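Residue numbers (mature numbering (1 follows the signal peptide of the UniProt record, and there is no 0)): -24 to -1, 1 to 78.
Structure first, commentary second.
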């Protein structure tokens, strides 16, 4: 159990280190962000979208999301600010365009 938790923590940290630079400039509609999303895989888009919710305390229900982001949830329980919702909407657009399963 401890090894699994350590592995999840390491993978999440590695993912954040990879995704964070792509998300830094996404505070508004931004051509650089769209370029970043355009070059991401379905898995990377899934992670980027759910990382936004995880930072807002969302209570994940799927085993995959709980394994990656953990079982914890907290206020504001996944409520997103308008800028965050726009980012999620942009990611969902690219997921649909690529035919990713959500």
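Each residue gets a CB set at the ideal place from its N, CA and C atoms; glycine is no exception.
Here the structure is a predicted model, which means the values were calculated and not measured.
Taking the CA atoms as reference points, residue 30 sits about 14 Å from residue 21.
If you look at residue 45, you'll find it in the alpha helix (DSSP H) that goes 39 to 45. Distance between residue 35 and residue 51, taken at the CA atoms: about 10 Å. For the set 61, 54 and 25, the Cα lying nearest the Cα of residue 76 is the one of 25.
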